[in-house]
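Here the structure comes first, spelled out in C-alpha cells, and everything after it is commentary.
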Amino acid sequence: AGAPPGAFSLDEPTPAAGGAGASSAAADMIQLSGMSVRAGYSTEDIAVAYKLVRECLNPTRRARGYADWVNLGLLLHNIAPGEESYRVWAEFSRRAPGCASTPEAIYRDKWAALPAEASAVKNGRKPLMMGTLHLWAREDSEASYRTIMAEANKEMALLNDSGSHVSVAELVVRMYRHEFRCTPERGTSLASMIWYQFTNHAWKRLLTNTRVRERLSGEVRNMYIQADRDVGLRITQATVEDERQRLEAKRKNLLKVQGSLNSCGFKDSAMREVAEKFYDEEFIQNLNMETTLVGFSNGVLELRKAGSDGQHHVAFRPGRPDDCISFQMGRGSGGLEAIPYIPYDPAAPAPEHMELLDFFTKIYPDPVLREYALTLYAACLEGKNTEQKFYIMSGSGGNGKSKIIDLMSKTFGEYQESLPVTAITRKRADAGAANPELIVLKNRRFISMVEPEEGEKINTSLMKQLSGEDTLKARGLFKDQDAFVVTARIFMSCNNLPPVSSMDNGTWRRLRVIPHVAEFVEAGKPTNPAANIHPRDPLLDVKIMRWRPYFAGLLVWYFENRYLRSGLAEPKCVSSASDRYKEENDSFAAFCQECLVRELGAELSTNAALGRYKEWSKFAPAAKQITRKDMITRLTELYGKPVDAAGKMFAGVRLAMEDEDVSGGVAV
15 AGAPPGAFSL
25 DEPTPAAGGA
35 GASSAAADMI
45 QLSGMSVRAG
55 YSTEDIAVAY
65 KLVRECLNPT
75 RRARGYADWV
85 NLGLLLHNIA
95 PGEESYRVWA
105 EFSRRAPGCA
115 STPEAIYRDK
125 WAALPAEASA
135 VKNGRKPLMM
145 GTLHLWARED
155 SEASYRTIMA
165 EANKEMALLN
175 DSGSHVSVAE
185 LVVRMYRHEF
195 RCTPERGTSL
205 ASMIWYQFTN
215 HAWKRLLTNT
225 RVRERLSGEV
235 RNMYIQADRD
245 VGLRITQATV
255 EDERQRLEAK
265 RKNLLKVQGS
275 LNSCGFKDSA
285 MREVAEKFYD
295 EEFIQNLNME
305 TTLVGFSNGV
315 LELRKAGSDG
325 QHHVAFRPGR
335 PDDCISFQMG
345 RGSGGLEAIP
355 YIPYDPAAPA
365 PEHMELLDFF
375 TKIYPDPVLR
385 EYALTLYAAC
395 LEGKNTEQKF
405 YIMSGSGGNG
415 KSKIIDLMSK
425 TFGEYQESLP
435 VTAITRKRAD
445 AGAANPELIV
455 LKNRRFISMV
465 EPEEGEKINT
475 SLMKQLSGED
485 TLKARGLFKD
495 QDAFVVTARI
505 FMSCNNLPPV
515 SSMDNGTWRR
525 LRVIPHVAEF
535 VEAGKPTNPA
545 ANIHPRDPLL
555 DVKIMRWRPY
565 FAGLLVWYFE
575 NRYLRSGLAE
585 PKCVSSASDR
595 YKEENDSFAA
605 FCQECLVREL
615 GAELSTNAAL
625 GRYKEWSKFA
635 PAAKQITRKD
645 MITRLTELYG
655 KPVDAAGKMF
665 AGVRLAMEDE
675 DVSGGVAV
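Its first residue numbered 15, the sequence shown is counted upward by one per residue in the numbering used here.
Dropping the structure here:
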C-alpha cells in the first residue's frame with residue numbers, strides 16, 4: 015500500500031539530499047534547503063495543515079458560528095490561497111450542523127471575498143497563520159494532533175539522517191516552529207541573541223537557550239529513535255536484498271545521529287544552526303503592537319470583536335502565537351504573577367467585586383464622577399488615547415489617589431509603567447541623546463506619575479506629544495533609537511496642581527483635573543461618612559493584591575457596557591476643576607477678563623492689545639510674557655480671524671476704558 019497523501023515514502027530509492035535512499039518525491043515536498051521561521055510554508059507544511067483541519071478541528075466549534083467560520087477561511091487563505099485550500103474549507107464547512115446542503119455558490123462567493131475581508135479585519139494586526147491552526151487543532155483534539163505531528167516529524171527524521179548540524183536544525187524547526195523565536199535585542203550585537211517561547215498564552219522571554227537545547231537530547235533524539243524503529247521493522251519485512259542494504263545504511267545514519275545528540279559539543283554547534291533557523295529580526299518590534307488585545311494568565315481578551323448585532327463586544331479566548339503578545343495583566347516586578355481573567359456579573363458579583371465597589375464609592379462619593387472614573391480606568395485596557403487627554407488626580411493627601419494608582423499598576427502589570435515626573439518638567443533631551451525613561455512607554459496602556467517639585471512647571475510641549483498619540487522617538491542606554499506611538503493614558507497624582515506656563519488652547523484642551531474629595535484618617539480620629547471622612551483600612555494593601563483579577567474583570571465590564579456603548583462623557587465636576595486650573599494659570603485669560611470688552615462694532619488692533627498686556631503684566635507677577643505671534647493666535651481663537659488685510663485688526667472687541675466696570679461685558 016502506498017503512503018497516505020502528504021506523508022513521506024521510502025519505497026523508491028534515490029540518493030536525495032535528505033540522506034541515503036530518501037525518495038525524490040518526499041525530498042521535493044519537504045524543501046529541505048532554506049527552511050526557517052522566516053521562510054514560507056512548504057508543500058508538506060500545507061499538507062499537514064489540511065490534515066489537521068480534516069482530522070482535528072471540531073466543525074461545530076470552528077464553522078458553526080459566522081466569525082469562526084470566516085476566521086478558518088482567512089487562515090487557510092493566508093497560508094495557501096489556492097483551490098485546494100478552498101476545497102478543504104468548503105468540505106469542512108459542510109460538516110457543521112445544518113450546513114450539509116449549503117449551495118456551492120455561497121462558499122465560492124465568500125472565498126472570493128476573503129482577501130478584502132482579511133484587509134478589513136486585520137487593521138494592523140498580524141493575520142491568522144499556521145501557528146493558530148496548530149493551536150486550534152491541539153485544543154479540539156489533542157490526541158489526534160499529537161498522532162499526526164508525531165508521524166510527520168518521524169518522517170522528517172527519516173529524511174534528515176545525514177547527521178549534519180543543519181539537518182538536525184531543520185527537524186527542530188519542523189517540530190517547534192510555532193513555539194520558539196530567536197531575535198537580537200534592538201541596538202545590540204547580533205551575537206547577543208534572545209530566545210522567546212510561546213507558553214501559557216503568551217511569548218515568554220528566556221534567560222538562556224537551555225529550553226531549546228535540552229530538546230535536542232530529549233524529544234528530537236526520541237524522534238530519531240522512532241524513525242530507527244520504523245526502519246528496523248521495514249528491514250525485517252524486506253524481501254529484496256538491495257532494499258535491505260538501503261535500509262541498513264539509513265539505520266546506520268540514524269544511529270549515528272542519536273549518538274551525536276548526546277554529545278555536548280555536537281549540540282553546541284547544532285544550536286548555532288538552530289538559532290539561525292529561528293532567527294526573526296522583527297520579532298521584538300512586532301510584540302504587543304495589537305492595541306485591542308489584552309493578555310491574561312488564562313488567555314487573551316479581544317476588546318473589539320464584531321458581533322452579529324453590528325456592535326463591538328469583548329471576547330475571551332486562548333492566546334495564539336500569531337497574537338504576538340508577551341505582556342500579561344498583573345505580571346510585574348517584585349515577583350508579581352500574571353492574573354487570570356475573572357468576569358464580572360452585576361447580577362451575581364463576587365465578594366471581591368462588592369468590596370471594590372464599596373472602595374470606589376468611598377473615594378468617589380459623587381456617582382456621576384464614580385462612573386466616569388471607572389469608565390476612564392477601563393478605557394486604559396485599550397492601547398489608544400482616543401480623547402488625547404493628560405489626567406491630573408488632585409486633592410489633599412490621604413484621599414485615596416495613591417491607592418487607586420497602586421491598584422491600577424498592580425492590576426495592569428506589564429501594561430503599565432511609572433514615568434519620572436522630570437520627563438515632563440525638565441528641558442527636552444538633545445536630539446539623539448539616550449532617554450531610557452521614555453523608551454519604556456512603548457506599547458503600555460497606563461502610565462502614572464507623581465507630582466513635581468514645588469514651582470516646577472509642566473513642559474507642555476512634551477505633555478502634548480505624550481498625550482496626543484504622536485510618534486515619539488526615544489532610545490535606551492547603548493541602544494538604537496526607536497520610533498513609536500504612545501498608546502497609554504497618562505495620570506499624574508498630586509496634592510497641589512503644578513503651574514503651567516503655556517497659554518494655548520491645545521494645552522488646556524488636554525489637561526483634565528479629576529477631583530478627589532474623600533479623606534481617610536488614622537484609627538482614633540473622628541470619622542464622618544456623610545462628610546466623606548472614613549477610617550483608614552490597615553489591610554488595604556493586602557486587599558489590593560487579592561482584588562487584582564476581580565478589578566480587571568470589573569474594568570472589562572465597564573469597557574464593554576460603558577466605554578464601547580457611550581464613550582467617555584466628562585462630568586461637570588471634572589470640567590469645572592479643569593476650568594479653575596486654567597484660570598489660575600492662564601494669564602492671558604485673566605487679562606481678557608480684566609482689560610477687554612466685547613462690543614458690537616468695536617475693533618481692536620494687535621498693537622493696542624499687546625501694549626495693554628505689557629502694562630497689565632507689570633502688576634501680575636505670575637503673568638507670562640507673550641509675543642506678537644502668540645497674541646494674534648490667542649485673539650484669533652477668541653474672536654475669529656482678523657478683519658483687515660494685514661491680519662492685525664479684530665472685530666467685536668475693544669480695550670476697556672480706565673476704571674470701566676467690565677463685569678457685564680467680559681471678553682471671554
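We put the beta carbon where it would ideally sit given N, CA and C, even for glycine.
Computed from a predicted structure; not experimentally measured.
- According to the DSSP assignment, S481 belongs to the alpha helix (DSSP H) that extends over T474 to S481.
- Nearest to T400 by alpha-carbon distance, out of E98, S347 and T501, is T501.
- Residue G309 holds the alpha-carbon nearest to the alpha-carbon of G333 among V464, G309 and C70.
- Annotation for T161: the continuous alpha helix (DSSP H) segment containing it runs E156 to L173.
- Counting every other CB atom within 10 Å of its CB across the protein chains shown gives D484 a total below 16, marking it as exposed.
- Residue burial is scored here from C-beta neighbours: C196 has at least 16 other C-beta atoms within 10 angstroms and is therefore classed as buried.
- Annotation: N174 to L261 spans about 14 Å, alpha carbon to alpha carbon.
- Closest option to K539, judged by alpha-carbon separation, among I528, H530 and D551: D551.
- Three or more Cβ pairs closer than 8 Å define a contact, and the segment 176 to 186 falls short of that threshold against the segment 109 to 121.
- Take V527, set aside five residues on each side of it, and the residues of its chain with a beta-carbon closer than 6 Å to its own are I406, S408, A591, S592 and Y595, in chain order.
- Here Q251 carries a helix assignment [DSSP, helix/strand/coil].
- Less than 8 Å divides the Cβ of T389 from the Cβ of Y577.
- Put simply, the backbone Cα of W150 is about 43 Å away from that of S416.
- With contacts defined as CB atoms closer than 8 Å, M237 and A284 fail to qualify as a contacting pair.
- The beta carbon of E428 lies closer than 7 Å to those of F341, Q342, R345 and G346 in the same chain, with the five residues before and after it left out.
- For E431, the enclosing beta strand (DSSP E) stretches over residues Q430 to S432.
- Taking 8 Å as the cut-off, the Cβ atoms of F573 and A392 count as close.
- Nearest neighbour of S56 by Cα position, chosen from V67, A94, P512 and L89, turns out to be A94.
- Taking P549 as the centre and dropping the five residues before and after it, the same chain places the C-beta of T541 closer than 6 Å to its C-beta, in chain order.
- In the three-state reduction of the DSSP assignment, Q211 falls in the strand class, which pools E and B.
- Per DSSP, G279 is one residue of the alpha helix (DSSP H) stretching across C278 to K291.
- Only exposed fits V464, as fewer than 16 other CB atoms lie within 10 angstroms of its CB.
- G414 is not a Cβ neighbour of I461, given a cutoff of 8 Å.
- In terms of Cβ geometry, P513 and K478 do not form a close pair [threshold 8 Å].
- Restricting attention to Y80, S231, M303 and G246, the CA atom closest to the CA of Q272 is found in S231.
- At a Cβ-Cβ threshold of 8 Å, W125 and E369 do not count as neighbours.
- Annotated three-state conformation of F573 is helix, per DSSP.
- If you draw a straight line from the Cα of I646 to the Cα of L383, it is about 37 Å long.
- Proximity to H91 across A127, R68 and R75 peaks at A127, based on C-alpha coordinates.
- Beyond the five residues adjoining it in sequence on each side, D242 comes within less than 8 Å, by CB distance, of R265, L268, L269 and Q272 in the same chain, given in chain order.
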